[in-house]
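Colleague: Before anything else, here's the structure in question.
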Amino acid sequence: MGRVFFRGGLPRFAVDLERHPWLATTQRKADPSYPLLGSSDFWRKYEDKPIQLRTQAKWLLNSSGQAPFVEVTLSSLSDPAVIREGHSEGVKAGSR
Numbered sequence: 000m001g002r003v004f005f006r007g008g009l010p011r012f013a014v015d016l017e018r019h020p021w022l023a024t025t026q027r028k029a030d031p032s033y034p035l036l037g038s039s040d041f042w043r044k045y046e047d048k049p050i051q052l053r054t055q056a057k058w059l060l061n062s063s064g065q066a067p068f069v070e071v072t073l074s075s076l077s078d079p080a081v082i083r084e085g086h087s088e089g090v091k092a093g094s095r
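So the sequence shown is numbered by numbering that gives the first Met the number 0: it starts at 0 and just counts up by one.
As structure tokens, this is what we get:
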């Protein structure tokens with residue numbers, strides 16, 4: 000679970016580290032977000048809403064700088080489910 004936001008016009012998924020503490024590495028605490036694959040238009044409808052997202056992580060070893068690092072991007076496996084405040088189960092955007 001987390002929220003979609005935009006950085007430099009590109010969609011990112013900010014993971015809720017309180018709900019997913021096992022992801023809270025030192026690096027992830029500094030930036031708890033991952034780039035999202037797909038069109039910005041698709042992700043705009045989820046911007047700043049709490050969502051549950053089923054993803055496939057894709058990684059690439061980036062060695063273009065001084066120190067190589069792994070870049071992780073997320074590809075959605077299905078439409079995100081918007082989480083109603085106080086609920087742990089999501090509903091599809093646009094449904095009741």
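Don't be surprised by glycine CBs; every beta carbon is placed ideally from N, CA and C.
Just so we're clear, the structure is a prediction, and the values are computed from it rather than from any experiment.
May I ask which residues mark the beginning and end of the alpha helix (DSSP H) holding Lys28?
Modeller: Thr25 to Ala29 is the extent of the alpha helix (DSSP H) around Lys28.
Colleague: If you draw a straight line from the C-alpha of Gln121 to the C-alpha of Leu59, how long is it?
Modeller: Shown here, the chain extends from 0 to 95; a query on residue 121 therefore has no answer.
Colleague: Assign Ala29 to one of two classes, buried (16 or more other C-beta atoms within 10 Å of its C-beta) or exposed (fewer than that).
Modeller: With fewer than 16 Cβ atoms within 10 Å of its Cβ, Ala29 is classed as exposed.
Colleague: The beta strand (DSSP E) that contains Arg11, what's its start and end?
Modeller: Per DSSP, Arg11 belongs to the beta strand (DSSP E) from Leu9 to Val14.
Colleague: Phe68: buried (16+ other C-beta within 10 angstroms of its C-beta) or exposed?
Modeller: Counting Cβ neighbours within 10 Å, Phe68 comes out exposed, since fewer than 16 surround it.
Colleague: Kindly indicate which residue of Phe41, Leu9, Lys48 and Gly7 has the alpha-carbon position closest to the one of Asp15.
Modeller: Measuring from the Cα of Asp15, the nearest candidate turns out to be Lys48.
Colleague: If you count every other CB in all the chains shown that lies within 10 Å of the CB of Leu35, and 16 or more means buried, which is it?
Modeller: Looking at its Cβ environment, which holds 16 or more other Cβ atoms inside 10 Å, Leu35 is buried.
Colleague: Take Pro20 as the anchor and find which of Pro10, Arg11, Pro31 and Phe12 has the nearest alpha-carbon.
Modeller: Minimum Cα distance to Pro20 is reached at Pro31.
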